[in-house]
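J.: Sharing a structure below in C-alpha cells format, with a few things to ask.
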Amino acid sequence: MSRSSTRGVSRRALLAASVSAAAAMSAIALMPGGVAEALRAAGGRPGQALGQAIIDRVGLRTAVALVREHEAVFAGASAESLSGAIAADFRAGRTMRVDGWMLSRTECAACVASVLAT
Amino acid sequence: MAAFIDALTEGLPEEIQADVCIVGGGMAGHTIATQLSNTPLRILVLESGGLDIEGATQGLYLGNNTGLRYHDLGHCRLRYLGGTSNHWAGFCRPNDEMDYLGRPELGLPAWPINQAELTPYIERAASLLGLRFEGFDPRYQFERAGFRPSELMDTHSDTLVTKLFQIAGTLRATELFPLQDLPNVQVLLHANVTHIQLTPNGQQVDHVVVKTLDGKAGRARAPVFILATHGIENARLMLASNDIAPDGIGNASDQLGRNFMDHVYVHCSQFVPVAGRFPLAYDMKEQGARRLNFNLGLSEETLRREGLLQIYCRFRPIDLLKTQRLAFRHLNEGFFQPFDTALLEDIAAVASSLGNSARVVGEKLGMDPPPPELYLLDLRIEQAPNPNSRITLSEELDELGNRRADLHWELTELDYHTFQRGQEIVASELSALGVGRFQLDELTPEFINERVIGHYHHTGTTRMSSDPGQGVVDADCKVHGVGNLYVAGSSVFPTAGYSGPTMTLMSLAIRLADHLKETHV
C-alpha cells in the first residue's frame, strides 16, 4: 500500500489489520462458492479489486475497522462458520453495495483484507 | 345450431329481443353464454368485431395515454370475436387468500367475496381450461417435471415462496367455447353497442343502442344486460352513457373508470448463481420448455411485515454465448461464399473467447449445455389501487361518434417501494442461502418509469364493493343502483392480486351465470 493511502491510520492499526488480513486471506479460500469466482464469471472484479473499491469508497480508516470488526469471524474460520456469518449478515441487512454488488459485511471485510495483506 | 349473424352483410334488425344480452364476445362473454346454454334463456351476444381482426373495428380502440408511458390502447386489447383472449398467453393461477382480504393500511380494499366462496368456481374454470387444480401446487409440479422437492426455495426459507402458473393448452375463447354449437345463443357480429339507455328513473337498462360502421342502427332489449367488453371499454361505455346519470352509469361512488391497475414488470439487475446451487426449475428458459412458470414470491408474513404489495421474481438467462453462436453461424453460411472481410470479425469473436466457442461447438455435437452463468431479474408487482390512475372520456370521437377512452396511468409510492424493497429482500435471502450474488440496479421511480411494462391485465375500473360508496358493482357483479345491469371481466376486481386475471374472471363469469340461473330461470 502506498504511503499516501495510509494517511490518518496508525501503523499499529495497519499492522493489526494485516494480521487479520492474513487470517482473512486463508478464510477467503474457504468461502463456499467463492464471491470472487462468481464475480469473475460475470465479468466482475474479483475480490481484491472490490476490496480497493471499498477502501476508496469508505476510506482506509473505516475499511481497516471493518476488517478488525471481523477478526473473530476470520480467526480459525471454517467454511461452515463463514457461511453462517455471511447468511446472518444478509438476513440482518448488514450489507454493502460495491459497484452495485450486494455483499455481506463479512465478504467486504475479506475483500478489504485481501488488499491490506498485499 | 346457434345463429351467427353479420350485421354488416346480413343487416341489423331495428329491434332485437333476448332474455340475456351480453355486450362483448371475449372470454367473459363466451364463458357466460356457454354456462347459460343449458337453460331456456335466449342469449344474445353483441360483438363489435367480426371473426378476425379488422383495421376499421380495431381502430375504435384507439385512445390517448396521458400519464406514464403505457401500451398503445389500440394494440393492448383486441376487438373481434374472442376479444383479448386472442392474444392471451395462457398463464393461470388462483389468487392467494390474502388477495381477497384487503389491507386497509396499504389502501387495498377487500373483495366482497373471499377465496373460499370463489374456489368452487375457480375449480370449474380450471377444469374448462384443461388444468388440474392440484397442478397449482409447486411440489406436485416439481416432481412431475423431474425436479427434486428439496430444491424448492420454500424448503429452506421462511421469506420466499414458490408460486406456480400453469399454462392452458387452449387459449382462444372461440376454441374453448364454440358458440356455434349452442342452440339458444345468437351472436351478432359487427354490432357495436354505442349507448346503454337507462329508464328515466335510472334504475333499469331499457335497451342498448347498436350501430354498424356502415351506418345501420338498432336496439337490443332484454330483462338482463351483461357488459363484458374488457377493462377499459367497460368503464368507457358506462361513462359515456350519461344522458340519465351525468357522471356515468353506476358512478355514485365516483369510482367508475378509476383505480386502473395492471401487473407491471421491469427487467433489471443481474444475478450470478453459484454453480450447482441455483435450481434450474426457476430458470425461465427451462420453464418455457415445460409449459410451467415457477416464480419466487414473498411470504405473507414478509409482505405484511414490510408493508409491500405482491411481488414476484423470475430469472431470465442471459445468453453469454450469443456472440460466438452468431459468429459460427456466419462462418458456416459464408463458407462457400466469396470471401467477405466481415468474416474477419466473426473469426475474432470466436478467437476472443475460446471457452465460449468450445461450448458452442459442444452444443452442436449434442453435448448438454452448461447451466447459465448470468440472469436478468424479471420483477413483477401488483399495482396498488390509485384513484388517479383512471379511464376518462376523450374529446376525440371515433368513427361511430363516440368519445374515445383516455388512460391516465400512474404508479404510487407504494408501487415503487415494493419494487425496490422487494428486490432487496429477494436478493438478500437468496444470497443468505448461498445461491448466488446480485448486482442490483437502484430501482428509483425514474428507473422504473423508464422501463416499466404492463401485462395487458386491465383491472379495477368498475370495481366490486358491498358499499355503493366504494364501488361500481356489488358482490354479484350487479351495478349499484341499476336492477338489471351486470359487469363481467377483470374490471370488477378491487385489487389486482398476485396472479393474472383470466382464470379469475372466468370463475366470476361462471358464478354470475349461476346467479342468473337462480334468479331468472
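The listed protein sequences derive, respectively, from chains Z and U. Per the numbering used here, residue 2 is the first one in the first sequence, and the count goes up by one each step. Per the numbering used here, residue 30 is the first one in the second sequence, and the count goes up by one each step. Cβ coordinates follow ideal geometry from the N, Cα and C atoms, glycine included.
Counting only beta-carbon separations shorter than 8 angstroms, does SER11 (chain Z) have a partner in chain U?
T.: Judged by the 8 angstroms Cβ criterion, SER11 (chain Z) is not in contact with chain U.
J.: If contact means a Cβ-Cβ distance below 7 angstroms, which residues of the region 64-93 of chain Z contact chain U?
T.: For the region 64-93 of chain Z, which is checked against every Cβ of chain U, the residues closer than 7 angstroms are SER84, ALA88, PHE91 and ARG92.
J.: Go to MET535 (chain U), then tell me how far its alpha helix (DSSP H) extends in each direction, as first and last residue.
T.: 531-549 is the extent of the alpha helix (DSSP H) around MET535 (chain U).
J.: For chain U, check one thing: does any of its Cβ atoms lie closer than 8 angstroms to the Cβ of SER115 (chain Z)?
T.: By this cut-off, SER115 (chain Z) is not an interface position.
J.: Given a threshold of 16 other Cβ atoms within 10 Å of its Cβ, counted over all protein chains shown, does GLY451 (chain U) qualify as buried or as exposed?
T.: Per the 10 Å Cβ criterion, buried.
J.: Which same chain residues end up closer than 8 angstroms to GLY463 (chain U) when comparing Cβ atoms and leaving out the 5 residues on each side of it in sequence?
T.: Counting only Cβ-Cβ distances below 8 angstroms, and skipping sequence neighbours, we find VAL303 and ARG306.
J.: Between the region 456-468 of chain U and chain Z, which residues of the former have a C-beta closer than 8 angstroms to a C-beta of the latter?
T.: The region 456-468 of chain U vs chain Z, Cβ under 8 angstroms: ALA456, SER457, GLU458, SER460, ALA461, LEU462, GLY463, GLY465, ARG466, PHE467 and GLN468.
J.: For SER270 (chain U), tell me which candidate among U:GLN226, U:HIS486, U:VAL253 and U:ASN415 has the shortest Cα-Cα distance.
T.: Answer by Cα proximity: U:GLN226.
J.: Between the C-alpha atoms of CYS112 (chain Z) and GLY48 (chain Z), what's the straight-line distance to the nearest angstrom?
T.: The alpha-carbon atoms of CYS112 (chain Z) and GLY48 (chain Z) are separated by roughly 5 angstroms.
J.: If you follow the alpha helix (DSSP H) that GLU134 (chain U) is part of, which residue opens it and which one closes it?
T.: Here GLU134 (chain U) belongs to no alpha helix (DSSP H), and DSSP marks it neither H nor E.
J.: Is GLY101 (chain Z) close to chain U? Criterion is C-beta to C-beta, closer than 8 angstroms.
T.: Yes - at least one Cβ of chain U is within 8 angstroms of the one on GLY101 (chain Z).
J.: Can you find a CB in chain A that lies within less than 8 angstroms of the CB of THR96 (chain Z)?
T.: This model lacks chain A altogether, as its protein chains are Z and U.
J.: If you pair each beta-carbon of the region 113-124 of chain U with each one of the region 521-528 of chain U, do three or more pairs fall below 8 angstroms?
T.: Short answer: they touch.
J.: Between the region 473-486 of chain U and the region 318-328 of chain U, are three or more C-beta pairs nearer than 8 angstroms?
T.: Output reads no: the region 318-328 of chain U does not touch the region 473-486 of chain U.
J.: Hey, VAL99 (chain Z) and ILE56 (chain Z): beta-carbon distance below 8 angstroms or not?
T.: It is not a contact, given that the beta carbons lie outside the stated cut-off.
J.: In the DSSP assignment, what residue or residues form a beta bridge with HIS296 (chain U)?
T.: Partner(s): U:ASP407.
J.: Quick one: what's TRP102 (chain Z) bridged to in DSSP?
T.: DSSP output for TRP102 (chain Z) lists Z:VAL99 and U:GLN468 as bridge partner(s).
J.: Is GLN284 (chain U) helix, strand or coil when you go by DSSP?
T.: GLN284 (chain U): coil per DSSP, three-state reduction.
J.: Should the region 105-117 of chain U be called in touch with the region 254-261 of chain U, which here means at least 3 C-beta pairs below 8 angstroms?
T.: They touch, by the three-pair rule.
J.: Indicate whether the contact test is met: 3 or more Cβ pairs, each with one atom in the region 216-226 of chain U and one in the region 141-160 of chain U, closer than 8 angstroms.
T.: Short answer: they don't touch.
J.: Is the region 494-513 of chain U touching the region 278-294 of chain U in the sense that three or more CB pairs, one from each, lie closer than 8 angstroms?
T.: Cβ pair count under 8 angstroms is three or more, so yes.
J.: So is ASP243 (chain U) buried or exposed if we call it buried at 16+ other beta carbons inside 10 Å?
T.: Label assigned to ASP243 (chain U): exposed.
J.: On the three-state DSSP scale, how would you describe ILE82 (chain U)?
T.: DSSP places ILE82 (chain U) in coil when its eight states are reduced to three.
J.: Between which residues of its own chain and THR88 (chain U) is the CB-CB distance below 8 angstroms, once the five residues before and five after are set aside?
T.: A small fix is needed here, since residue 88 (chain U) is Gly in this sequence, not Thr. For GLY88 (chain U), where only same-chain residues beyond five positions count, the Cβ hits under 8 angstroms are GLY103, ASP427 and GLU428.
J.: Which same chain residues end up closer than 7 angstroms to LEU193 (chain U) when comparing Cβ atoms and leaving out the 5 residues on each side of it in sequence?
T.: Excluding sequence neighbours, LEU193 (chain U) sits near ARG122, PHE165, PRO167, GLN170, LEU321, ASN322 and PHE323.
J.: Candidates U:ALA377, U:VAL550 and U:VAL237: which alpha carbon is nearest ILE51 (chain U)'s?
T.: Closest by alpha carbon: U:VAL237.
J.: Quick test of your reading: ILE347 (chain U) and PRO401 (chain U), contact by CB under 8 angstroms. State the CB separation rounded to the nearest angstrom.
T.: Indeed they touch by this definition, with Cβ atoms about 7 angstroms apart.
J.: In the DSSP output, what is GLY483 (chain U) paired with across the bridge?
T.: Answer is U:VAL293, bridged to GLY483 (chain U).
J.: Under 8 angstroms by Cβ, that's how I've got LEU158 (chain U) and ALA197 (chain U) pegged, so tell me the actual separation to the nearest angstrom.
T.: The pair is a contact, with the Cβ atoms about 4 angstroms apart (cut-off 8 angstroms).
J.: For ASN21 (chain U), which residues of its own chain have a beta-carbon under 7 angstroms away from its beta-carbon, when the five flanking residues on both sides are left out?
T.: Nothing can be reported for residue 21 (chain U), as the shown portion of chain U is limited to 30 through 550.
J.: If I measure Cβ to Cβ from LEU67 (chain Z) and keep anything under 8 angstroms in the same chain, skipping five residues before and after, which residues do I get?
T.: The residues are ILE55, VAL59, ARG106, CYS109, ALA110 and VAL113.
J.: Quick check on HIS59 (chain U): does DSSP put it in helix, strand or coil?
T.: Of the three classes helix, strand and coil, the one that applies to HIS59 (chain U) here is helix, per DSSP.
J.: Provide the residue(s) that pair with ALA434 (chain U) in DSSP beta bridges, ordered along the chain.
T.: ALA434 (chain U) pairs with U:LEU422.
J.: Here's the rule I'm using: 16 or more other beta-carbon atoms within 10 Å means buried, otherwise exposed. How should ASN478 (chain U) be labelled?
T.: Exposed, since its Cβ has fewer than 16 Cβ neighbours within 10 Å.
J.: Looking at GLN468 (chain U): is its Cβ nearer than 8 angstroms to the Cβ of GLY77 (chain Z)?
T.: It is not a contact, given that the beta carbons lie outside the stated cut-off.
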